[in-house]
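2 protein chains.
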Amino acid sequence: MTLYATILQMKKLLSNLDGWLVKAHAHAEARKFDPNVLVQCRLAPDMFPLSRQVQAACDAAKFAAARLAGKEAPSHTDDEKTLDDLRKRVAAVVAYLGGFKASDFDGADERTVSLPRWEGKSMTATGYFTEHAMPNFFFHLTMTYALLRHNGIDVGKRDYLGQLTMR
Amino acid sequence: MTLYATILQMKKLLSNLDGWLVKAHAHAEARKFDPNVLVQCRLAPDMFPLSRQVQAACDAAKFAAARLAGKEAPSHTDDEKTLDDLRKRVAAVVAYLGGFKASDFDGADERTVSLPRWEGKSMTATGYFTEHAMPNFFFHLTMTYALLRHNGIDVGKRDYLGQLTMR
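Protein chains in written order, with this note's numbering: chain C, 138 to 304; chain W, 138 to 304.
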């Protein structure tokens, strides 16, 4: 298992998430409600809405890849208002992740990460990935799934995992 | 990033989950409802209840470590009825994961995994980990969090991530 394999897995899971948004749109049309109502739905009043969950999943993957590779991540403005806007955000990050090669992560074991809110402290890049980026990525990915499932969208474990590489 | 580091991270996150169950118990006592009502709560009527989410998170981590190391995993009977029962299940799996050493995973790249429902097909052990065990682990871990948060338990991102290894 390599860092690159895990970044590719994040890319795959974001593509899966895009499929959930397609199902959400179709569900809303069949039930004749505005699909964009779903963009603002929350699991608790003091949790982020769907839009912010999707943005945060995208950002966790984007920053993970960039920081492990020692690159500057592209910025996104977090102004998505519709399911289609969110699909474009996901597509942009899937394309960004697709631009990495295995060799981009060769120096990851020697890199460190320090975020402004850490007040001068740092983590090793691989520690940051395992303890922070990966759990955060999965948190926001699965909260998106939970929100859609809770609102009646017919997504299942197959939509979550996607196709497995069997032989 | 090594397989062993990721197994240790799963162990840490299950310990964090134990803390959410402690908070859930205290919340129920403060609000004077039976804490074990939470064991049966669901995000959707055709989703697993909290008890099964905790069991599945435990199993995903247990089987991941065992299969990567080429060992037989201990079996658990899935008969937990209370929050305390679930805490014991989590503690058993945390202890099991704590018994692995880095060298147990040395041969993982050469191992394969084949589950009965895969009808004779197999995955590489590392492919199984990245594409199946890890996303499943996070799925059931975060559904547990989502269920508690949705039911008013005061858990936050710090309870989810736990302490980060800063320097």
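Glycine included, each C-beta is placed from N, C-alpha and C at the ideal position. This one's a predicted model, so the numbers in the text were calculated from it and none came from an experiment.
Determine the closest residue to residue 251 of chain C out of C/207, C/216, C/232, with distance taken between C-alpha atoms.
-> As a working mapping, residue 251 of chain C is identified with position 114 in the first sequence. When only C-alpha atoms are compared, the closest one is C/207.
Do you know how far the Cα of residue 166 of chain C is from the Cα of residue 85 of chain C?
-> Missing from the structure shown is residue 85 of chain C; chain C here goes from 138 to 304 and no further.
At what residues does the alpha helix (DSSP H) containing residue 288 of chain W begin and finish?
-> On the second sequence, residue 288 of chain W is found 151 positions in, with the first residue counted as 1. Counting along the chain, residue 288 of chain W falls outside any alpha helix (DSSP H), and DSSP gives it neither H nor E.
Could you tell me which chain C residues have their CB closer than 7 Å to the CB of residue 124 of chain W, listed as they occur along the chain?
-> The requested residue 124 of chain W is not part of the displayed model; chain W covers only 138 to 304.
Residues, ordered as in the chain, of the stretch 138-161 of chain W that lie near chain C by beta-carbon distance below 7 Å = 138, 140, 142, 143, 146, 150
May I ask you to verify whether the stretch 193-207 of chain C touches the stretch 231-238 of chain C, counting CB pairs closer than 8 Å and requiring at least 3?
-> Touching, yes.
Buried/exposed call for residue 168 of chain C, threshold 16 Cβ in 10 Å | Here the question's residue 168 of chain C lines up with position 31 in the first sequence. By the 10 Å Cβ count, residue 168 of chain C comes out exposed.
Is the shortest distance between the beta-carbon of residue 181 of chain W and the beta-carbons of chain C less than 8 Å?
-> As a working mapping, residue 181 of chain W is identified with position 44 in the second sequence. Interface residue, yes.
Is the distance from the Cβ of residue 160 of chain W to the Cβ of residue 292 of chain W below 8 Å?
-> On the second sequence, residue 160 of chain W is found 23 positions in, with the first residue counted as 1. On the second sequence, residue 292 of chain W is found 155 positions in, with the first residue counted as 1. Against a cut-off of 8 Å, the Cβ pair of residue 292 of chain W and residue 160 of chain W comes out as a contact.
Span of the alpha helix (DSSP H) around residue 164 of chain C = Mapped onto the first sequence, residue 164 of chain C falls at position 27. Where residue 164 of chain C is concerned, the enclosing alpha helix (DSSP H) stretches over 140-168.
Between the Cα of residue 188 of chain W and the Cα atoms of W/277, W/287, W/303, which residue gives the shortest distance?
-> Stepping through the second sequence from its first residue, residue 188 of chain W is reached at position 51. Closest option to residue 188 of chain W, Cα to Cα, is W/277.
Mind checking the stretch 184-210 of chain C against chain W and listing, in chain order, the residues whose C-beta falls within less than 8 Å of any C-beta there?
-> 184
Do you know whose CA, among C/175, C/158, C/202, C/194, lies nearest residue 145 of chain C's CA?
-> Numbered from its first residue, the first sequence carries residue 145 of chain C at position 8. It is C/202.
For residue 239 of chain C and chain W, any beta-carbon pair shorter than 8 Å?
-> Working through the first sequence from its first residue, we reach residue 239 of chain C at position 102. No, residue 239 of chain C does not count as interfacial toward chain W.
Sequence-distant residues of the same chain with beta carbon closer than 7 Å to residue 233 of chain C, five excluded per side | Position 96 of the first sequence holds residue 233 of chain C. Closer than 7 Å at Cβ, skipping near neighbours: 199, 211.
From residue 182 of chain W to residue 289 of chain C, what does the alpha carbon distance come to, in whole angstroms?
-> In the second sequence, the residue the question calls residue 182 of chain W occupies position 45. In the first sequence, the residue the question calls residue 289 of chain C occupies position 152. Between residue 182 of chain W and residue 289 of chain C, the C-alpha separation is close to 10 Å.
Would a C-beta distance cut-off of 8 Å place residue 174 of chain W and residue 223 of chain W closer than the cut-off?
-> Here residue 174 of chain W refers to the residue found at position 37 of the second sequence. Here residue 223 of chain W refers to the residue found at position 86 of the second sequence. Contact flag unset, no.
Name the two residues that bound the continuous alpha helix (DSSP H) containing residue 189 of chain C.
-> The residue given as residue 189 of chain C occupies position 52 in the first sequence. First-last of the alpha helix (DSSP H) with residue 189 of chain C: 187-206.
Residue range of the alpha helix (DSSP H) that includes residue 218 of chain W | Taking the second sequence and counting its residues from 1, one reaches residue 218 of chain W at position 81. First-last for residue 218 of chain W: undefined, no H or E at that position.
Any C-beta of chain C sitting closer than 8 Å to the C-beta of residue 252 of chain W?
-> As a position in the second sequence, residue 252 of chain W is number 115, starting the count at 1. By this cut-off, residue 252 of chain W is not an interface position.
Beta-carbon of residue 247 of chain C versus every beta-carbon of chain W: anything under 8 Å?
-> Numbered from its first residue, the first sequence carries residue 247 of chain C at position 110. The beta carbon of residue 247 of chain C sits no closer than 8 Å to any beta carbon of chain W.
Residue range of the alpha helix (DSSP H) that includes residue 295 of chain C = If you number the first sequence from 1, residue 295 of chain C lands on position 158. From DSSP, the alpha helix (DSSP H) with residue 295 of chain C extends over 294-298.
For residue 271 of chain C, the three-state DSSP class (helix, strand or coil) = As a working mapping, residue 271 of chain C is identified with position 134 in the first sequence. Here residue 271 of chain C sits in helix by DSSP.
Are the Cβ atoms of residue 158 of chain C and residue 194 of chain C separated by less than 8 Å?
-> By one-based count along the first sequence, residue 158 of chain C stands at place 21. By one-based count along the first sequence, residue 194 of chain C stands at place 57. Residue 158 of chain C places its beta carbon 8 Å or farther from that of residue 194 of chain C.
What do you get for residue 196 of chain W, buried or exposed, if any count of 16 or more other CB atoms within 10 angstroms of its CB means buried?
-> Along the second sequence, read from residue 1 onward, the residue named residue 196 of chain W stands at position 59. Residue 196 of chain W should be labelled buried.
Which chain W residues sit within Cβ distance under 7 Å of residue 264 of chain C?
-> Locating residue 264 of chain C in the first sequence gives position 127, where the first residue counts as 1. 302, listed in chain order.
Does the beta carbon of residue 258 of chain C sit closer than 8 Å to a beta carbon anywhere in chain W?
-> On the first sequence, position 121 is the one that residue 258 of chain C refers to. At least one chain W Cβ lies under 8 Å of residue 258 of chain C.
In chain order, what residues of the stretch 223-235 of chain C put their CB closer than 8 Å to some CB of chain W?
-> If the cut-off is 8 Å between Cβ atoms, the stretch 223-235 of chain C has nothing near chain W.
Hey, is residue 165 of chain C's beta-carbon within less than 8 Å of any beta-carbon in chain W?
-> Stepping through the first sequence from its first residue, residue 165 of chain C is reached at position 28. So no, residue 165 of chain C is outside the interface.
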